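*Asks:* Questions regarding the structure given below will be posed in turn.
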């Protein structure tokens, strides 16, 4: 029996639901990177990064190629870069709305106080 679309989407977003994985994807938006560069940028233990990369690889979100002893990762689809950009825009809009609400609450507090 095939997995329902909503379940597949939930699984996809669950895979993205880890800060290190998001950091990796944000870095890979700029283009393919070797693991050593990812380690330098993210500053976590190599074993932890390896685990997170394996999750992304198994889900088909990133691809890995070997260049001698170096493993290079890249996004499996340019649409992932668009998704990250959209998420950034949505979060920016949400936070801007919260900032407006905070300003209103502060202004109201000054009137009452």
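Residue numbers (the UniProt record's numbering): 1 to 113.
Backbone N, C-alpha and C fix where the C-beta goes; we use that ideal spot for every residue, glycine too.
Predicted model only: the values in this text are computed from it and were never measured.
Taking 9 Å as the cut-off, decide whether the C-beta atoms of residue 61 and residue 80 are in contact.
*Replies:* Yes, the pair counts as a contact, with Cβ atoms nearer than the cut-off.
*Asks:* Quick one: Cα of residue 18 to Cα of residue 82, how far?
*Replies:* Using only the alpha carbons, I get a separation of about 18 Å.
*Asks:* Determine the extent of the alpha helix (DSSP H) in which residue 130 is found, giving its start and end residues.
*Replies:* An answer regarding residue 130 cannot be provided, because it is not within the stretch 1 to 113 covered by the chain.
*Asks:* Could you please give the first and the last residue of the uninterrupted beta strand (DSSP E) stretch that includes residue 74?
*Replies:* Looking at the DSSP string, the run of the beta strand (DSSP E) that includes residue 74 is 70-75.
*Asks:* Using a threshold of 9 Å, state whether the C-beta atoms of residue 16 and residue 74 are closer than that.
*Replies:* Result no, Cβ atoms of residue 16 and residue 74 do not sit closer than 9 Å.
*Asks:* Once you ignore the five residues that flank residue 11 on each side, which residues in its own chain have a CB closer than 7 Å to its CB?
*Replies:* If we look at residue 11 and ignore the five residues flanking it on each side, it has no Cβ neighbours.
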